[in-house]
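Numbering (our numbering), first residue to last: 11 to 89.
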């Protein structure tokens, strides 16, 4: 969940581990499948609800990625 939705007193306190990230990615996969299914059935209200949840999850993942130090990757040039 994005830090926008986390109370100030709790920001930066949650431990993010591989299991948490895995579960969040699995949830996103399921949300995308539900969104597609609802779109195919013309159920816009349910689709929007899941889109909001997916968006919140993606913002949270992006926040974690931005806060994480980038790995040392050798730069290669393509000739």
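Built from N, CA and C at the ideal position, the CB exists for glycine as well.
Owing to the predicted nature of the structure, the values given are computational and were not obtained by experimental measurement.
Exposed unless 16 or more other CB atoms sit within 10 angstroms - verdict on residue i
i	result
residue 65	exposed
residue 62	exposed
residue 41	buried
Nearest residue (CA-CA) to residue i, options the options
i	options	result
residue 58	50, 67, 45	45
residue 35	78, 67, 56	67
residue 69	38, 25, 29	38
Contacts around residue i, its chain only, beta-carbon distance under 8 Å, and the 5 residues preceding and following it disregarded
i	result
residue 55	none
residue 77	none
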